[in-house]
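J.:
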Amino acid sequence: MLNTLQNPLRLLSRRTPSFSCYSTIPSPPLRISTSNNSRRVASGTWKPFIAHNFIRPHDLSYKSRRALPPPPRKRPEVGPPSSKARHSDVFHQFKLDPLSQSMNPHIIGDFVSEMGKIYGRSITGLSTRTQRRLGKAIRRAKMMGIIPALSAPQFVGTIRRRP
1 MLNTLQNPLR LLSRRTPSFS CYSTIPSPPL RISTSNNSRR VASGTWKPFI
51 AHNFIRPHDL SYKSRRALPP PPRKRPEVGP PSSKARHSDV FHQFKLDPLS
101 QSMNPHIIGD FVSEMGKIYG RSITGLSTRT QRRLGKAIRR AKMMGIIPAL
151 SAPQFVGTIR RRP
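Residue numbers for the sequence shown follow full-length UniProt numbering, so the first one is 1 and each next one is one higher.
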């Protein structure tokens with residue numbers, strides 16, 4: 001009688017997956033086959049179908065299924081070359097050191113945006129050395145409290161005035 005009860009249990013235990021604690025025979029590992037198309041969807045070369053959207057016959061064509069390449073990246077804005085920067089660099093023309101002007105908010109305030117960011121070389125047109133020293137002077141002035149850290153300096157009676 002005990003043998004007859006164990007036989008149906010053994011049959012059931014063979015059908016249970018291998019992660020079950022009742023399994024006596026390990027089941028073969030599950031193999032998930034990835035087709036070539038599913039790999040392409042995952043890699044981004046094919047457009048995936050979107051749930052709850054209608055599919056037109058045109059959507060099944062090769063041209064519409066193929067994902068478009070990303071648009072070309074915009075070239076980063078770089079300042080002028082040193083030969084042109086020397087002519088447009090105000091500090092170089094007047095032989096001024098930007099670090100000596102860190103106490104003058106009227107001069108260094110023109111190189112700071114309304115949010116308090118230091119303008120880059122592509123906007124200021126300064127040489128590399130002058131831009132580096134100007135950034136140092138602006139950071140010093142912000143730390144000393146000469147110009148505000150999170151906004152552009154406001155001057156009364158000059159051109160720079162906030163609306």
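For every residue, glycine included, the Cβ atom is placed at its ideal position computed from N, Cα and C.
1) Kindly indicate which three-state DSSP category ILE55 falls into: helix, strand or coil?
2) Measuring straight from C-alpha to C-alpha, what distance separates GLY135 and PRO72?
3) Looking at the secondary structure, which residues open and close the alpha helix (DSSP H) in which THR124 lies?
4) Report yes or no: do the stretch 49 to 58 and the stretch 97 to 114 share at least 3 C-beta pairs separated by less than 8 angstroms?
5) Rounded to whole angstroms, what's the CA-CA distance from ASN104 to PRO69? Just pull it up for me.
6) Which runs of the alpha helix (DSSP H) spanning at least 4 residues fall entirely within the UniProt region "Disordered" (61 to 86), listed in chain order?
7) In whole angstroms, what is the alpha-carbon distance linking HIS92 and ALA85?
8) Does the beta-carbon of LEU126 have 16 or more other beta-carbons within 10 angstroms, so that it is buried, or is it exposed?
9) What are the boundary residues of the alpha helix (DSSP H) that GLY135 is part of?
10) Helix, strand or coil for ILE118? Go by DSSP, reduced to three states.
11) Going along the chain, which residues of its own chain have a beta-carbon closer than 8 angstroms to the beta-carbon of ARG66, five neighbours each way excluded?
12) Residues in its own chain within less than 6 angstroms of GLY79 by CB, not counting five upstream and five downstream?
13) Distance check for SER113 and SER82, CA to CA, integer angstroms please.
14) Shortest alpha-carbon distance to TYR119 belongs to which of SER61, HIS87, GLU77, MET144?
15) Measure the Cβ-Cβ separation of THR124 and PHE111 and say whether it is below 7 angstroms.
16) May I ask you to list the residues that DSSP assigns as paired with VAL112?
T.: Walking through what the data contain:
1) To locate residue 55, count along the sequence shown from 1; it is residue 55. Reduced to three states, the DSSP call for ILE55 is coil.
2) The count along the sequence shown starts at 1 and reaches residue 135 at position 135. The count along the sequence shown starts at 1 and reaches residue 72 at position 72. Their Cα atoms are separated by approximately 31 angstroms.
3) Mapped onto the sequence shown, residue 124 falls at position 124. That run of the alpha helix (DSSP H) goes 121 to 124.
4) no
5) Position 104 of the sequence shown, counted from the start, is the residue given in the question as residue 104. Position 69 of the sequence shown, counted from the start, is the residue given in the question as residue 69. Going from the Cα of ASN104 to the Cα of PRO69 covers about 50 angstroms.
6) 62 to 65
7) Sequence index remark: in the sequence shown, residue 92 carries index 92 (1-based). Sequence index remark: in the sequence shown, residue 85 carries index 85 (1-based). Computed Cα separation, rounded: 9 angstroms.
8) Position 126 of the sequence shown, counting from 1, holds the residue named residue 126. When all chains shown are included, LEU126 counts as buried.
9) What you label residue 135 is simply residue 135 of the sequence shown in a count that begins at 1. Looking at the DSSP string, the run of the alpha helix (DSSP H) that includes GLY135 is 128 to 144.
10) By one-based count along the sequence shown, residue 118 stands at place 118. Strand.
11) Counted from its first residue, the sequence shown places residue 66 at position 66. THR45, TRP46, LYS47.
12) Position 79 of the sequence shown, counted from the start, is the residue given in the question as residue 79. Within the same chain, GLY79 has close Cβ partners ARG121, SER122.
13) In the sequence shown, counting from the first residue as 1, residue 82 sits at position 82. In the sequence shown, counting from the first residue as 1, residue 113 sits at position 113. The straight-line gap from Cα to Cα measures roughly 24 angstroms.
14) Stepping through the sequence shown from its first residue, residue 119 is reached at position 119. When each option's Cα is compared against that of TYR119, the closest is GLU77.
15) Stepping through the sequence shown from its first residue, residue 124 is reached at position 124. Stepping through the sequence shown from its first residue, residue 111 is reached at position 111. Contact flag set, yes.
16) Your numbering for residue 112 matches position 112 in the sequence shown. Answer is ILE118.
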